[in-house]
Every structure is written in structure tokens, then in C-alpha cells.
Amino acid sequence: MSARPRRERPRRAQLGAPRRRSAALAFAAALAGGACGASSAAEREACPASERHRVAAWGDGERDALRAQFAATAQPHAAATFDRVDTRLRAHLDDWGRAGALACAPEPAVRECLARRAQALDATLAALRELDGETLEFAVDAAAALEPPSSCAGATGALAGARTPALDGHRLAVAQAKALARTGQVWAAVDAAREAAGSIAEASAAATQSSAPEAAAARADLAGAAIDATTLLGGLLADTGDADGALRELEVAEGWATELGDRQRLLAIANARAQVIGLRKGERAAALAITEEAVVRALALGDAGVADLALLRETRGLLFQSGGEIAAAEAELRAAIDLHARPRADGLSTPAADAVMNHLGALLISEGRDDEARELLERTVERYRLDYGERHPVLAMPLNNLGLAHQRQGSYVEAQVALTQALELQEESLGPDHPRLAATLDNLGLVARKLGAFALARESSERALELYSRSLGPDHLRLVAPLSNLGNVARERGDLDLALEHLTRALTIQEREGDDPRALAHALHDLANVHGRRGDLEAAERHFQGALELLEGALGADDPDLKGPLIGLGNVARDRGALDQARARYARALALMRRHFGDEHPEVAVALFNLGNIHKDLGRLDEAERHYRQALAIRERALRPDHPLVIKNLTTLGKLLVARGDPAAAREPLERGLRFADARGEGQAGEPSDAAADGEVEGDADGEVASLRFLLARVLWELEDERPRALELAAAALSGLRSAGPEYAPERRLAERWLSARS
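Residues in the sequence shown are numbered from 16 upward in steps of one, following this note's numbering.
This is how it looks when you write it as C-alpha cells:
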């Protein structure tokens, strides 16, 4: 089920009968008829050439029709997807040519294997002809899932009876349902699988009641088709959220497979049951026990069990991860990747290994192993591009995870690039209102806020919130992240009432619906920042302390997430004048960030800047300058030049140099800061000047820029080389201060007196 498509909305359209008999179906019929029953040497020699000719004849007409069908979806990635599918189908059909001699193999199991794969090819081609714009994205998976016919040479086990057209019809129906699932048409696949399972059950019941000699053989032949139909139906029901219904179907499939003694099908059923029990119902221990026993049986099958073993390892990895057993999860996922990467008989690769790599990348991110995660996910993105093409929407999943890895490393620009690409691909394929966009928008909103792009942050989080609310309801846990981001953006814009509304709602949902102490601590921390901005130091300290205690209790004293509440508590202590206490908290935060992320992470700059403030308050101006310059160097490397924190850092450094009596040295950072502030443009003139969530900066952007202009004006006046420009800057600053908030009233009065004295 981890390899199956995600749940789609219900569809009315069903897979119709193929518009014409394809060569693959003709091949299946030939296998069932006299061609495969040839007994003379001459007939056997003629059979492979005849069948190779039949398959090769599939070429141009089918290919052109399929290309036209892909183009009719009007999706941007349709042409590239067709090229990938065409490449896979051509290689697959070449393998049919190499496997032609198997059509006359004396072993019934070999001929049966070949017939089933011919039916799967026919059903897949029919499903590809039914694609629409949304399900086109699964076309590569559908083509890659075709099993190589040449591997049928190793098929073992005798058939109980003769093949019949009726049995061929049942198996073709199952193959059609599988093809629908592979092309993303989940609800149509559910209906098709249920119909196929019902028809096979009726045929089996009729065979059971019959006293004819061939009835027992017919029932045994039907068992294989029944297993495939019910196993598929169980997996699809699990994908639609019906875990109990899935287990009922899998129990039926297991009964058939046990009766038939089919070891490989029993492995597939065990894997499906483990996923439903462990990942859908949360009974992890029971699921792991199922997979442990199944792994032993898969290993006993040797090469024949490799594919099942890979799926079992993947499932075990996801089960271990869900229980927090990260080392075991990683080992299983890496083993699954190695098994998936083994070459198939036809030489074709499948996207299965790429999907597991994406799982592993997400796991590494959750463990803070960001360098490893980024490297793995970069490879995964490239592999996806090879499998699906440059503009395929399935790239959104690894790009989203790659964006998260960059974000964790503080590479916010790279994170925004990856997340923007993911969003564009999803919007092209699904439109702007599809629920799948919510997670990408959620992540993009956070990164945009880190970069100081607050309009984009607000828009992205509002869209994520709307999509989550529409698909999951108004109180789902997934709403916490966009609500928190919107609350932080509102706080940074100075709209504290709106910030309090968003963040209180986020905390309420987190407390009621969640059980993650880290998430709860983040919610408390964000709310504490608002209380601090409102001047309620007691409430701010209470929330910061609660967040710190939660994190220390759940994660230990060395977790990097402690940085936020430590900085917050340092800010509270500084506001109260307890400078030594503030310095100790900032220093602990700095040590944590350096230990976990190195010296160049933007969050290191937050602690450095705050330590610079403490040294300035204590009159240690040299130490303050050193810390400000270190923070500035990190931010200029990691953030955009016009980032609000870069501008604030330059302004603060300039103020310090002025206070030291060195206006000449102050001019350069102040000029640069003003140039960057102006570069942000009128569209962002009302944006706040603080992109951090730690109370590092207060005030609105208009006031900050006006204050910067006035400071630079006074520096230029003292230097006496640009006094006309100094007066212009001061006049512009006064205009800005008059429209700024009340906290800038003292500086406005100072600017008025300063200009009056020089007019």
C-alpha cells in the first residue's frame, strides 16, 4: 500500500472495454490455443518466430494512438511522460521477443506465467488509453509495473487443469483493475476489483457444486485469480481509509492462497496485512510480527522472493519509524533500496527504489541529519527526473522534502526554490485548489517568513489553511502549522490582536488533538512572543518556561529546539534588566546551535546578535561590535541582501559605531542598510523588519526605515561632506516617522527639533 497511489476523489468513469483487440490479447489467446500446444520439433521451432512477429506488430499504430491520448490531456508534462512510458513499453516488448520461445515451453506454469503477463500488458495499455489530466502522473508507474516475460522461464508448479476462455476473462478483469490502480484511478479500481472478485467467487462456487471431473481443476485454476482480486481490493480499500474492510478482503485472499499453497502470494498478502494493521490501525507490534515471519519465508524462496522481500523491508522500515525506532527503520529502508535496485530480467528499472529513497530522506530530516538528507534527496530528485521527466508532478514529493532539508540547514533561498518548483508542478497538474497542495504551501509559507517575504508567507499559509480546513475539517492537527505561521507574520507586522487570535487557536488545537511535546512547545513559544510584544512579561516568561520544560523533558537538555525558548527567556530577562541572566541564556542557545548546525546557520546569528545587545547594554562596545559583525556575516551569506534581518543588523551596527564616536565607520553599514531597505520596494514598504520569531526586533518597517534615514542624515552632517543630502534624508525620515507607530513619537520629535535647528 505504500507503493499504491494516494486516495483520489470518487470517479464515475470506469475502464471501458478496449476499443479493439490488441496484439497482447491476441498473444494471450495464442498462448491458450494450439500454438502453445505444439508438439513436433518443426512446430516448436516455428512458434517463437510467429509470436515475436505478433508482438512486434504492436508498434506504430498503438504507439501513435497512445501518444495522441496523452496529448489530449493537455497537461504540460504529457509529452515527457509519454516518452518515458514509450521507452519502457518498447523495452518491455523487446523482452517479449526474447521470451517468444517460452510460449512453447513444456511446463504449464511457464506458459501460464506468460499468459498472465500478456493479459497485464493488454490491461495496462487499455488503462493508459483512459487517462485524464489528473491520473496521467501515474502512467510511468503503470508501465514500470509490467513484469518481464523472460523471467517466466523460472516459473515452477504444475497447473491443475486446462486454461479456458472464461478463466482468461477473469484474469484479464483482475489485470484491468490493477492497471486502473497503477494509473491513479483508485475508485474505479475499487469497483473493478470488487466486480472481478465477485465474478470469480461465483465461478468458483459453481465449480465446487459441479460433479464434473474437470470441476476441481477449474476451481484450483480460479483460486489464483481470486487471490489477486481480493488482495488488490484489500489494498485499495486501505487506501480509501476502510481498514476493516481491507482486512476482511485480505483474510479471504489468505484463505485462497493457503488452500492453493502459493507461497509468493502469501507473502504479498502478509505485507498488505502488516501495512493495514500497523500503519492504518496503529497495532505496530502485531504488524512487525507478521513481517518478521514473512521475511523468513521470503528469504527461503531465494531469487524468486526478492521483490516481496523488498516490499517487506520497506514496510518494516515504515513500521519502525512510526514507533520512533529510527536506527531499525533506517536499516530496513536501506535494505529495501538495495533490493529494489537489483536489475530485472528485462533490464528495466522501476521507480520503487526512488520512493523508498524519499522515505529515507524524510526520516533523516526528522532525525536532524540534514547533510545526509539533502544529499540523498538531491539524488532522489535526479532519479525521479530520469524516471518521470523534468515537469512531472510526482517530482513535487521529493522536491518538497528537499526543501525541508535545505530549510533545516538554514539554506532558505535553496529551500524556497525547491518548494516553489514543487508547488508549480502541482498547480500545473492539479489546479490551485487541490488538497495535495496544502503541505507544500504550508512549508513554503514558513520558508518565505524566514526569508522576510512576508506577503508570500501570508498568502501561502492562508491557502494552506483553507485547503486543510476544506479537506480535513476546522479542528484538524494539520491546521496548527499554517495558523502558527500566520500568527507569527501578524506579530511581525505589529498586528498583535490578530497574532493572538491565530496562535491561541493553534495552541488550543495542539493541546486537544496532539500528543507531541515538541509541537506543543513550539505553540507555547510562539504565543509567548506575542505576550512579550504586548509588554506582558509575566505571561511571556510563563509560556517560554513551559516550552523549555516540555522540550527538556521530552528531548533532553541538548536538543537544538531549546534555542527558541532560551532566546525568549533571555529577552524577558533583558527587559527586566537582569543582563547576566539574559547573557547566560543567550550563550546556552548559541552553544546548542553551533554544536548541532555549525557556525554558519542563520539561527546562530540570532543568538550572536542578542549577545551583542547584552554587551552593548553593559558598555562593552568592542565585544558588541564583534558579535554584531559575526551575525551580519552569517546573515549576508545565508539570506537575501534585502532581508529585514540583514538591514536591522546593519542599522544596529551603525548605531553602535555612532555611539563609539566613529561616524566615518558607521557610514558604510548605514548606507548599505538604506540601499537594501529601498531595494525592497514600495510593495514591501509596510512589511515588518523582523523575520525571526525570538523577539529580536520590534517596531514596524516604516518606522525602522525612517529611523535608519534619520541616523544616516546625522552621520553625514557630522562628516560635513554631504550636508545637503543629510537634510534631504532627514526630511524624508521625518515624513516616515510621522506615519509610523506611537513608539516612534520620541524620535519624531527629535527629528523635528534637529531639522528646525538647521533650517
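For every residue, glycine included, the Cβ atom is placed at its ideal position computed from N, Cα and C. What you are looking at is a predicted structure, and each value in this text was computed from that prediction instead of being measured.
(request) Look at Ala681 and Val673 and say whether their C-beta atoms are less than 8 angstroms apart. (result) yes
(request) With a threshold of 16 other CB atoms inside 10 Å of the CB of Ser54, please say whether the residue is buried or exposed. (result) Note on Ser54: pLDDT 35, under 50, position unreliable in the model; the coordinate value appears next. Ser54 should be labelled exposed.
(request) Count the other CB atoms, across all protein chains shown, that sit within 10 Å of the CB of Thr96; report buried if there are 16 or more and exposed otherwise. (result) buried
(request) Within its chain, find whatever has a CB closer than 7 angstroms to the CB of His541; leave out the 5 residues flanking it on each side and keep chain order. (result) Note that residue 541 is Asp in the sequence shown here, rather than His. Cβ neighbours of Asp541 beyond the five flanking positions: Ser499, Gly502, Asn503, Leu518 and Ala708.
(message) Suppose contacts are defined by Cβ-Cβ distances below 8 angstroms. Is Glu162 in contact with Arg132 by that definition?
(response) yes
(message) Whether or not the stretch 417–434 and the stretch 601–621 are in contact is what I'm after, with contact meaning three or more pairs of Cβ atoms, one per stretch, closer than 8 angstroms; do they touch?
(response) yes
(request) Can you have a look at Val462 and say buried or exposed, based on whether 16 or more other CB atoms are within 10 angstroms of its CB? (result) buried
(request) Give the secondary structure of Leu146 by DSSP, where H, G and I count as helix, E and B as strand, and everything else as coil. (result) coil
(message) Contact between the stretch 564–581 and the stretch 527–541 is defined here as three or more beta-carbon pairs at a separation below 8 angstroms; is this criterion met?
(response) yes
(message) Tell me which residue opens and which closes the alpha helix (DSSP H) that Pro447 is part of.
(response) From DSSP, Pro447 is part of no alpha helix (DSSP H); its letter is neither H nor E.
(request) Give the straight-line distance between the Cα atoms of Asp512 and Asn544, rounded to the nearest whole angstrom. (result) 13 angstroms
(request) Could you tell me the boundaries of the alpha helix (DSSP H) in which Ser475 lies? (result) Phe469 to Leu487
(request) Below 7 angstroms CB to CB, which residues in the same chain sit around Arg493 once its five sequence neighbours on both sides are set aside? (result) Tyr483 and Leu487
(request) Assign Gly52 to buried or exposed, taking buried as 16 or more other Cβ atoms, counted over all protein chains shown, within 10 Å of its Cβ. (result) Any answer about Gly52 is weak, because its pLDDT of 37 lies below 50 and its placement is not dependable; what the coordinates show is given next. Counting Cβ neighbours within 10 Å, Gly52 comes out exposed, since fewer than 16 surround it.
(request) On a CA-only basis, which of Ala116, Glu77, Asp386 and Pro164 is nearest Ala141? Give me that one, please. (result) Glu77
(message) Quick check: Ala218 and Ala181, are their CB atoms within less than 8 angstroms of each other?
(response) yes
(request) Tell me, please, whether the stretch 651–667 touches the stretch 681–695 by the rule of three or more beta-carbon pairs shorter than 8 angstroms. (result) yes
(request) List in chain order: all unbroken alpha helix (DSSP H) runs of 4+ residues lying wholly within the stretch 148–211. (result) 154–159 and 180–197
(request) May I ask you to report which of helix, strand or coil DSSP gives Asp75? (result) helix
(request) Pull up the distance between the alpha-carbon of Gln436 and that of Arg406, whole angstroms please. (result) 9 angstroms
(message) Is the beta carbon of Leu438 closer than 8 angstroms to that of Leu459?
(response) yes
(request) Compute the Euclidean distance between the alpha carbons of Ala285 and Phe335, then round it to the nearest angstrom. (result) 17 angstroms
(request) Could you check the C-alpha separation between Ala694 and Glu683 for me, to the nearest Å? (result) 17 angstroms
(request) Take Arg103 as the anchor and find which of Asp361, Asp323 and Ala241 has the nearest alpha-carbon. (result) Asp361
(request) Go to Pro659, then tell me how far its alpha helix (DSSP H) extends in each direction, as first and last residue. (result) Pro659 to Ala674
(message) Can you tell me where the alpha helix (DSSP H) holding His616 begins and where it ends?
(response) Element bounds for His616: n/a, residue is neither H nor E.
(request) Could you check which residue in Ala653, Leu636, Leu654 and Arg652 has the C-alpha nearest to that of Leu668? (result) Leu636
(request) Write down every uninterrupted run of the alpha helix (DSSP H) in the stretch 336–406 whose length is 4 residues or greater and which is fully enclosed by it, in chain order. (result) 341–355, 367–381 and 385–403
(message) Buried or exposed, going by whether 16 or more other CB atoms sit within 10 Å of the CB of His630?
(response) buried
(message) Here's a check: name, in chain order, each residue in its chain whose Cβ is nearer than 7 angstroms to the Cβ of Val396, leaving out the five neighbours to either side.
(response) Leu410, Pro413, Leu414 and Leu417
(request) Kindly confirm or deny that the stretch 306–322 and the stretch 276–294 touch, where touching means at least three C-beta pairs closer than 8 angstroms. (result) yes
(message) Let's test the definition: count the other Cβ atoms within 10 Å of the Cβ of His491 and tell me whether it reaches 16, buried, or not, exposed.
(response) exposed
(message) Distance check for Arg549 and Tyr601, CA to CA, integer angstroms please.
(response) 22 angstroms
(request) Say whether the stretch 83–91 touches the stretch 345–359, bearing in mind that this needs 3 or more beta-carbon pairs closer than 8 angstroms, one atom from each stretch. (result) no
(request) Using a threshold of 8 angstroms, state whether the C-beta atoms of Leu594 and Leu566 are closer than that. (result) no
(message) Is the separation between the beta-carbon of Ala388 and that of Leu379 shorter than 8 angstroms?
(response) yes
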